[in-house]
Amino acid sequence: MESDVQPELKDEHEFFDADELPWTDAEGAPGVSERVLSSTPSGDGAELTRLARWAPGLDTSAAGVIRHAYYEEVYLLEGELEDLTLGRTFTAGHYASRPPGMPHGPYRTSTGCVMLEIRHRPR
Numbered sequence: 001m002e003s004d005v006q007p008e009l010k011d012e013h014e015f016f017d018a019d020e021l022p023w024t025d026a027e028g029a030p031g032v033s034e035r036v037l038s039s040t041p042s043g044d045g046a047e048l049t050r051l052a053r054w055a056p057g058l059d060t061s062a063a064g065v066i067r068h069a070y071y072e073e074v075y076l077l078e079g080e081l082e083d084l085t086l087g088r089t090f091t092a093g094h095y096a097s098r099p100p101g102m103p104h105g106p107y108r109t110s111t112g113c114v115m116l117e118i119r120h121r122p123r
């Protein structure tokens with residue numbers, strides 16, 4: 001049986017200069033600032049495209065291993081990110097695709113990093 005409920009869609013944008021967006025503090029993530037490129041009107045964070053900038057020295061060990069209820073894709077644009085569980089350091093050009101519930105992290109970055117992050121809900 002098909003549902004009449006339509007999924008909440010992200011904002012519609014034609015090309016724009018993302019560098020004109022301000023960096024704002026990411027809610028609940030000290031040391032992370034973001035430029036939200038597109039999100040849903042509800043703003044719940046499960047449907048989101050953003051640039052995330054991690055400050056040099058940021059360490060998420062206190063948060064432990066992370067799991068999300070949404071799909072997450074991450075592409076590192078600048079800097080490096082050390083996965084403390086895997087014991088590996090990732091640099092610009094590295095990519096991750098995570099299904100809901102996949103454990104990852106914690107992380108540390110000595111240099112800081114900038115990443116493109118795309119989130120979407122399971123359908």
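For the sequence shown, position 8 (counting from the first letter as 1) is numbered 8 according to full-length UniProt numbering, and the numbering increases by one without interruption. Ideal placement from N, C-alpha and C gives every residue a C-beta, glycine not left out. Treat the numbers as computed from the prediction; the structure is a model and nothing was measured.
Pull up the distance between the alpha-carbon of S33 and that of E20, whole angstroms please.
Whole-angstrom Cα-Cα distance: 15 Å.
Drop a sphere of 10 angstroms on the beta-carbon of W23, count the other beta-carbons inside from all chains shown, and report buried for 16 or more, exposed for fewer.
W23 comes out exposed.
Alpha carbon to alpha carbon, what distance is there between G31 and L58?
Using only the alpha carbons, I get a separation of about 6 Å.
Shorter than 7 Å, the distance from the beta carbon of P22 to the closest heavy atom of the ligand GTP, or not?
As for the ligand GTP, it is missing from this structure, which has no ligand bound.
Would you decide whether L51 is buried or exposed? Buried here means 16 or more other CB atoms lie within 10 Å of its CB.
The residue in question, L51, is buried, as its Cβ has 16 or more Cβ neighbours within 10 Å.
Going by the CB atoms, is the gap between L77 and T91 shorter than 8 Å?
No, Cβ-Cβ distance for T91 and L77 is not below 8 Å.
For Y107, collect the residues of the same chain with a Cβ closer than 7 Å to its Cβ; drop the 5 residues on either side in sequence, then sort them by chain order.
Once the five neighbours on either side are set aside, the close Cβ partners of Y107 are T60, L81, E82, D83, L84.
Pick out the complete alpha helix (DSSP H) segments inside the region 42–108, 4 residues or longer, and give them in chain order.
Listed in chain order, there is nothing to give.
Taking Cβ positions, are V74 and A96 nearer each other than 8 Å?
Cβ atoms of V74 and A96: closer than 8 Å.
Kindly indicate the opening and closing residues of the beta strand (DSSP E) around H120.
Unbroken beta strand (DSSP E) run through H120: 113–120.
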